[in-house]
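S.K.: Chains as they are written, first to last, in our numbering: chain B, 56 to 371; chain D, 79 to 401. Every residue gets a Cβ at the ideal spot worked out from N, C-alpha and C, and that includes glycine.
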Amino acid sequence: MAENDSQERRGSYIAKVHSNRRIGSGFYKLLLEFTDSGSEAFGGCRPGQFGQLDLSGAALPPSGAIREDLQDSANRGVLLRRPFSFSDVTFKGIETFVEILYSAVGPSTLRMTTVKSGDSMSVIGPLGKGFEIPEGKKMALLVVGGMGAGPLEHLAKVLTEDYPTMQVVAFAGAKTSESLPFERRLDEISSGLGFSLAEFAEFGIESYVATDDGSAGYEGLVTDCFSEWLGKTDVKAEEAIIYCCGPEAMLSKMAEIAAERKIDCQVSMERLMACGIGVCQSCVVECRGEGPGETVYKLCCEDGPVFDSKEVVFGV
Amino acid sequence: MACKIMSDGVDISVDFAGIRLANPVFTASGTCGYADELSDFMDVGALGGFITKSITPKARKGNAPPRTVETDSGMLNAIGLANVGVEKFIEEKLPIIRSRFENTAVFVNVAGATIREYVTVVEKLAGEQGIAGFELNISCPNVAKGGITFGTEPRQVAEITSDVKKAAGEKVLIVKLSPSVTDISVIARAAVDAGADALSLINTFAAMVVDIESRSPVLANRTGGLSGPAIRPIAVYLVNKVYREVAESREIPILGIGGIRTASDAIEFIIAGATAVGIGTANFIEPDCAVKVIEGIRRYCAGKNISDIKDLVGSLQDRQSSS
Numbered sequence: 056m057a058e059n060d061s062q063e064r065r066g067s068y069i070a071k072v073h074s075n076r077r078i079g080s081g082f083y084k085l086l087l088e089f090t091d092s093g094s095e096a097f098g099g100c101r102p103g104q105f106g107q108l109d110l111s112g113a114a115l116p117p118s119g120a121i122r123e124d125l126q127d128s129a130n131r132g133v134l135l136r137r138p139f140s141f142s143d144v145t146f147k148g149i150e151t152f153v154e155i156l157y158s159a160v161g162p163s164t165l166r167m168t169t170v171k172s173g174d175s176m177s178v179i180g181p182l183g184k185g186f187e188i189p190e191g192k193k194m195a196l197l198v199v200g201g202m203g204a205g206p207l208e209h210l211a212k213v214l215t216e217d218y219p220t221m222q223v224v225a226f227a228g229a230k231t232s233e234s235l236p237f238e239r240r241l242d243e244i245s246s247g248l249g250f251s252l253a254e255f256a257e258f259g260i261e262s263y264v265a266t267d268d269g270s271a272g273y274e275g276l277v278t279d280c281f282s283e284w285l286g287k288t289d290v291k292a293e294e295a296i297i298y299c300c301g302p303e304a305m306l307s308k309m310a311e312i313a314a315e316r317k318i319d320c321q322v323s324m325e326r327l328m329a330c331g332i333g334v335c336q337s338c339v340v341e342c343r344g345e346g347p348g349e350t351v352y353k354l355c356c357e358d359g360p361v362f363d364s365k366e367v368v369f370g371v
Numbered sequence: 079m080a081c082k083i084m085s086d087g088v089d090i091s092v093d094f095a096g097i098r099l100a101n102p103v104f105t106a107s108g109t110c111g112y113a114d115e116l117s118d119f120m121d122v123g124a125l126g127g128f129i130t131k132s133i134t135p136k137a138r139k140g141n142a143p144p145r146t147v148e149t150d151s152g153m154l155n156a157i158g159l160a161n162v163g164v165e166k167f168i169e170e171k172l173p174i175i176r177s178r179f180e181n182t183a184v185f186v187n188v189a190g191a192t193i194r195e196y197v198t199v200v201e202k203l204a205g206e207q208g209i210a211g212f213e214l215n216i217s218c219p220n221v222a223k224g225g226i227t228f229g230t231e232p233r234q235v236a237e238i239t240s241d242v243k244k245a246a247g248e249k250v251l252i253v254k255l256s257p258s259v260t261d262i263s264v265i266a267r268a269a270v271d272a273g274a275d276a277l278s279l280i281n282t283f284a285a286m287v288v289d290i291e292s293r294s295p296v297l298a299n300r301t302g303g304l305s306g307p308a309i310r311p312i313a314v315y316l317v318n319k320v321y322r323e324v325a326e327s328r329e330i331p332i333l334g335i336g337g338i339r340t341a342s343d344a345i346e347f348i349i350a351g352a353t354a355v356g357i358g359t360a361n362f363i364e365p366d367c368a369v370k371v372i373e374g375i376r377r378y379c380a381g382k383n384i385s386d387i388k389d390l391v392g393s394l395q396d397r398q399s400s401s
C-alpha cells in the first residue's frame with residue numbers, strides 16, 4: 056500500500072448516520088455514510104487509521120435508560136472530539152460506508168448511543184498511520200484485546216481482499232464472554248483452543264477466543280493463548296507478522312513475545328487526544344531514540360496510532 | 079500589508095502596535111503548531127496573525143502523558159513547552175512559515191528557564207525575515223522553572239520585558255499575561271513601562287483534576303492550565319480591566335484570548351477593549367474556526383453599519399438603568 060495515501064486527503068467532513076445498533080451485551084456499531092470528497096477521503100483509508108467525531112451535540116439517553124455507573128458521566132459536558140478507529144470501510148465510489156465499534160463508557164459514548172439514522176455527524180479524518188503490510192509476509196496473526204477488535208476486523212477484510220494468499224489467524228481476548236465485542240460466535244468449528252468468531256470466519260479466517268474467567272474459549276489471557284498456539288505451530292518468523300490492538304499491558308506482552316520469536320509486530324496504541332491532527336501535543340507515546348537509553352515522544356495521532364512494537368517504550 | 083476593504087464596505091483591518099493586520103483574528107500559541115498542521119483545514123494565509131508554539135533555546139521533550147484532560151466546557155493541558163528548539167525552528171519550521179504567510183503577521187512565542195534563555199531565543203530570531211515580532215510567555219503554568227514565575231512579580235516582569243525588548247530590535251514585543259495574579263493591571267503596567275508594545279491576555283489558569291479511583295491527579299504533571307469556553311467570561315472581564323486601567327491611556331493594543339469559538343465571542347472581547355483576538359482551544363475542535371470567526375466579524379460589522387472595526391474596540395457602554 057502507498058504510504059499515507061489518504062492522510063493527504065484528511066479534512067473536516069459531514070457524514071450521514073446510516074445506522075446505529077446495539078450488538079451483544081454492551082457494544083454498538085455505528086455506520087456512517089460519506090459522500091463526494093468525504094467518500095474519496097475515507098474510501099482510501101487503511102486499517103488502523105481513525106476519525107475524530109464531534110459528539111457534543113448528541114442527546115443523552117433518557118435518564119431511566121442510563122446505567123448507574125454512567126449517571127455521573129451523564130452530567131458532564133462534552134467539548135472535545137473523540138477518536139475512533141474503524142471496524143469496516145466499504146468504498147462504493149460516490150459513497151463510502153465507515154463502521155465504528157464502540158461501547159458506552161463516558162459522556163461522549165453515552166451520547167453516541169442516541170444518534171440515529173439520518174442524523175449528521177461531523178468527522179475529521181482520516182487521521183494517523185494505519186497498519187502496514189510489508190513485502191514477503193505470508194502469515195498475519197491478529198491479536199485483539201477487548202475493544203481493540205475494530206481495526207483488526209477492518210484489517211482482516213483488507214488482508215483477505217488484497218492478499219489472497221496470506222494465511223491469517225485471529226485471537227481475541229476479554230475478561231468474560233459477555234465482554235467480547237462480537238455479534239455472535241460460531242460453535243467450535245476450529246479444533247483446539249476455542250470458538251470461532253463470525254467477524255473473522257466470514258473472511259475464512261480461523262479464530263481463537265480467550266477469556267480471563269474461562270466463560271468462553273481458552274481460560275486465561277489472550278497473550279498466553281497466543282503463546283501456546285505459537286508453540287504448537289510451525290511459523291516461519293521472517294514470513295510472519297503480528298498485528299495487535301488492545302490494552303497497553305497486552306500490547307507490551309505481545310511486543311515481548313514477538314521480540315523473543317523475532318517476528319515483526321505492529322501495535323495500535325491508545326492515548327487521550329484533544330485535536331488528533333498533531334497540534335495539541337497531548338497524545339505522546341514514549342519511543343526509543345537514537346542513542347542507547349535515549350527516548351523520544353512521538354505523537355499517537357500522527358506518528359501512530361500504529362507503531363512497530365520494537366519502537367515503543369511501554370508504560371506497563 | 080494589504081488593507082482589505084471588501085465589497086460590503088467594511089474595513090476589519092487593524093493597527094496592532096504599528097503592524098497592519100488584514101483582520102483582527104490570530105491563532106493562539108500552542109494551538110496551531112508551526113502553521114502546516116492547520117493548513118489541511120483552512121487557508122491559514124487568511125489569518126490576521128499567527129503565533130507559534132513556545133520556542134526555547136534547546137529542544138524540549140515536554141511532560142510525560144497524560145498531558146491533557148477534558149473538563150466541563152474546558153480542558154487542562156500540561157504539555158511542558160515541548161518544542162524543536164530555536165536552531166531547528168530556524169532551519170526547519172521558519173521556511174514553512176514564510177511560505178505559508180504573506181499577509182499574516184507572524185509572532186514567535188518565546189519561553190525559557192532564565193531571562194538569559196529568553197534573550198538567547200530572541201537574539202537568534204531578531205534578524206530573521208518573516209517574523210513580525212515576539213510573544214513573551216511569562217505565564218506558562220506547566221514548567222518547573224521559568225514560565226509563570228516571571229509573570230507574577232512586577233519587578234521580574236519589568237526586568238525580563240526590558241531585556242527581551244532590547245534583544246528584539248525593531249520587532250514588536252507582546253507580553254502574555256497570566257490570570258493567576260492578584261491584580262493583573264499591576265503586571266500589565268510593569269510590562270508596558272518596561273517597553274512592551276502590546277499585551278496578550280489571558281494565558282490558562284493553573285488547575286487540577288483528580289482521579290477518584292486512584293486518588294491521584296489525572297495529569298502526570300499534577301496540574302495543568304485550564305482553557306476553553308469555561309474561562310471566557312473571566313478573560314473578557316480581565317481584558318476590559320487592563321484596557322481601562324492601563325492599555326487605553328497608553329495606546330497599547332490588547333490581544334484578547336480565552337475560550338473564543340465564535341464571532342460573537344470575539345466581538346465581546348473587542349467591545350471590552352481588545353484590538354485583536356486569539357483563538358486557542360477551539361482550533362482543536364474545529365480547525366477552521368478562525369476563518370469562520372473572521373467572516374462572522376465582518377458580517378456583524380456590516381449588519382451594524384460599522385464601517386471600521388476600530389470603532390468597535392473598547393466601545394463598551396454603561397448599562398442603561400432599567401425601569
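Using Cβ-Cβ distances below 9 angstroms, what residues of the region 320-343 of chain B are close to chain D?
M.R.: Of all residues in the region 320-343 of chain B, 326, 327, 328, 329, 330, 331, 332, 333, 334, 335, 336, 337, 338, 339, 340, 341 have a Cβ within less than 9 angstroms of some Cβ in chain D.
S.K.: If you draw a straight line from the alpha carbon of residue 365(B) to that of residue 274(D), how long is it in whole angstroms?
M.R.: To locate residue 365(B), count along the first sequence from 1; it is residue 310. To locate residue 274(D), count along the second sequence from 1; it is residue 196. Taking the straight line joining both Cα atoms gives about 49 angstroms.
S.K.: For residue 308(B), name the three-state secondary structure that DSSP assigns.
M.R.: The sequence position of residue 308(B) within the first sequence is 253, counting from 1. DSSP places residue 308(B) in helix when its eight states are reduced to three.
S.K.: Can you check DSSP and say which residues form a bridge with residue 298(B)?
M.R.: If you number the first sequence from 1, residue 298(B) lands on position 243. 197(B), 321(B).
S.K.: Could you tell me which of 181(D), 170(D), 307(D) sits nearest to residue 98(D), measuring between CA atoms?
M.R.: Counting from 1 along the second sequence, the entry for residue 98(D) is found at position 20. Among 181(D), 170(D), 307(D), the Cα nearest to that of residue 98(D) is on 181(D).
S.K.: Less than 9 angstroms between the beta carbons of residue 225(B) and residue 199(B), yes or no?
M.R.: As a first step, residue 225(B) is located in the first sequence; it is residue number 170 there, counting from the start. As a first step, residue 199(B) is located in the first sequence; it is residue number 144 there, counting from the start. The answer is yes: Cβ separation under 9 angstroms.
S.K.: I want to verify the contact list: residues of chain D whose CB lies under 8 angstroms from the CB of residue 67(B), in sequence order.
M.R.: What you label residue 67(B) is simply residue 12 of the first sequence in a count that begins at 1. What residue 67(B) touches in chain D: 119, 364, 365, 366.
S.K.: Residues bridged to residue 335(D) by DSSP?
M.R.: Within the second sequence, numbered from 1, the residue matching residue 335(D) stands at position 257. Residue 335(D) is bridged to 356(D).
S.K.: If we define contact as Cβ-Cβ less than 9 angstroms, is residue 86(B) a contact residue for chain D?
M.R.: Taking the first sequence and counting its residues from 1, the one referred to as residue 86(B) is at position 31. Cβ-Cβ to chain D under 9 angstroms: no for residue 86(B).
S.K.: I'd like to know if residue 379(D) contacts chain B, where contact means its C-beta is closer than 9 angstroms to some C-beta of that chain.
M.R.: What you label residue 379(D) is simply residue 301 of the second sequence in a count that begins at 1. By this cut-off, residue 379(D) is not an interface position.
S.K.: Would you say residue 150(D) faces chain B, with C-beta separation under 9 angstroms as the test?
M.R.: Within the second sequence, the letter at position 72 stands for residue 150(D). Chain B, which has a Cβ nearer than 9 angstroms to the Cβ of residue 150(D), makes this yes.
S.K.: Taking 9 angstroms as the threshold (beta carbon to beta carbon), is residue 115(D) in contact with chain B?
M.R.: Locating residue 115(D) in the second sequence gives position 37, where the first residue counts as 1. So, interface residue.
S.K.: For the region 160-176 of chain D and the region 353-370 of chain B, state whether three or more C-beta atom pairs, one from each stretch, are separated by less than 8 angstroms.
M.R.: At 8 angstroms Cβ cutoff, the stretches do not touch.
S.K.: Starting from the Cα of residue 333(B), find the closest Cα among 384(D), 109(D), 89(D) and give me that residue.
M.R.: As a working mapping, residue 333(B) is identified with position 278 in the first sequence. Per the Cα distances, 109(D).
S.K.: Got a sec, what are the start and stop residues for the alpha helix (DSSP H) residue 317(D) sits in?
M.R.: One-based indexing of the second sequence puts residue 317(D) at position 239. Unbroken alpha helix (DSSP H) run through residue 317(D): 310-320.
S.K.: What first and last residue would you give for the beta strand (DSSP E) that runs through residue 90(B)?
M.R.: Reading the first sequence from its first residue, position 35 is the one you call residue 90(B). That run of the beta strand (DSSP E) goes 82-90.
S.K.: Strictly under 9 angstroms for the Cβ-Cβ distance: is residue 352(B) near chain D by that measure?
M.R.: One-based indexing of the first sequence puts residue 352(B) at position 297. Closer than 9 angstroms: yes.
S.K.: For residue 267(D), report the span of its alpha helix (DSSP H) as first-last.
M.R.: Position 189 of the second sequence holds residue 267(D). 262-271 is the extent of the alpha helix (DSSP H) around residue 267(D).
S.K.: Tell me the DSSP secondary structure of residue 366(B) in three-state form.
M.R.: Locating residue 366(B) in the first sequence gives position 311, where the first residue counts as 1. Of the three classes helix, strand and coil, the one that applies to residue 366(B) here is coil, per DSSP.
S.K.: Pick helix, strand or coil for residue 66(B), following the three-state DSSP scheme.
M.R.: Reading the first sequence from its first residue, position 11 is the one you call residue 66(B). Residue 66(B): strand per DSSP, three-state reduction.
S.K.: Any C-beta of chain D sitting closer than 9 angstroms to the C-beta of residue 179(B)?
M.R.: On the first sequence, residue 179(B) is found 124 positions in, with the first residue counted as 1. Residue 179(B) counts as touching chain D.
S.K.: Comparing C-alpha positions only, which one of 83(B), 103(B), 214(B) sits nearest to residue 390(B)?
M.R.: It is not possible to answer for residue 390(B), since the shown part of chain B is limited to 56 through 371.
S.K.: Taking residue 157(D) as the query, report the chain B residues whose CB atoms sit under 7 angstroms from its CB, ordered along the chain.
M.R.: Indexing the second sequence from 1 puts residue 157(D) at position 79. Correct list: 336.
S.K.: Beta carbons nearer than 9 angstroms to chain A: which residues of the region 132-146 of chain D have them?
M.R.: Included in the structure are the protein chains B and D, with no chain A among them.
S.K.: Tell me whether the beta-carbon of residue 327(D) lies closer than 9 angstroms to the beta-carbon of residue 215(D).
M.R.: Along the second sequence, one-based indexing puts residue 327(D) at 249. Along the second sequence, one-based indexing puts residue 215(D) at 137. Taking 9 angstroms as the Cβ cut-off, residue 327(D) and residue 215(D) do not qualify as a contacting pair.
S.K.: Residues in its own chain within less than 7 angstroms of residue 133(B) by CB, not counting five upstream and five downstream?
M.R.: The residue labelled residue 133(B) in the question sits at position 78 within the first sequence. Taken in chain order, the residues that qualify are 110, 111, 162, 163, 166.
S.K.: Confirm, please, whether the CB-CB distance from residue 87(B) to residue 178(B) is below 9 angstroms.
M.R.: The residue labelled residue 178(B) in the question sits at position 123 within the first sequence. The residue labelled residue 87(B) in the question sits at position 32 within the first sequence. Closer than 9 angstroms, so yes.
S.K.: Measure the Cβ-Cβ separation of residue 141(B) and residue 209(B) and say whether it is below 9 angstroms.
M.R.: In the first sequence, residue 141(B) corresponds to position 86, counting from 1. In the first sequence, residue 209(B) corresponds to position 154, counting from 1. Yes; because the gap between Cβ atoms is below 9 angstroms, this pair is in contact.
S.K.: In this structure, does DSSP put residue 125(D) in helix, strand or coil?
M.R.: The residue you call residue 125(D) lines up with position 47 of the second sequence. Of the three classes helix, strand and coil, the one that applies to residue 125(D) here is coil, per DSSP.
S.K.: May I ask you to report which of helix, strand or coil DSSP gives residue 77(D)?
M.R.: Because residue 77(D) is not part of the residues shown, which for chain D are 79 to 401, the question remains open.
S.K.: Taking the beta strand (DSSP E) that residue 186(D) belongs to, which residues open and close that run?
M.R.: For the purposes of this step, residue 186(D) is taken as the residue at position 108 of the second sequence. Counting along the chain, the beta strand (DSSP E) containing residue 186(D) begins and ends at 183-188.
S.K.: Can you find a CB in chain B that lies within less than 9 angstroms of the CB of residue 306(D)?
M.R.: Indexing the second sequence from 1 puts residue 306(D) at position 228. At least one chain B Cβ lies under 9 angstroms of residue 306(D).
S.K.: Out of 70(B), 80(B), 196(B), which one is the CA nearest neighbour of residue 149(B)?
M.R.: Position 94 of the first sequence, counted from the first residue, corresponds to residue 149(B). Nearest of 70(B), 80(B), 196(B) to residue 149(B), Cα basis: 70(B).
S.K.: By the criterion of Cβ-Cβ separation under 9 angstroms, what are the contact partners of residue 109(B) in chain D?
M.R.: Within the first sequence, residue 109(B) is the residue found at index 54, counting from 1. Under the 9 angstroms cutoff, chain D gives 363, 364.
S.K.: Between the Cα of residue 336(B) and those of 373(D), 112(D), 93(D), 234(D), spot the shortest distance and give me the residue it belongs to.
M.R.: As a first step, residue 336(B) must be located in the first sequence, where it is residue number 281. Checking every option, the nearest Cα to that of residue 336(B) belongs to 112(D).
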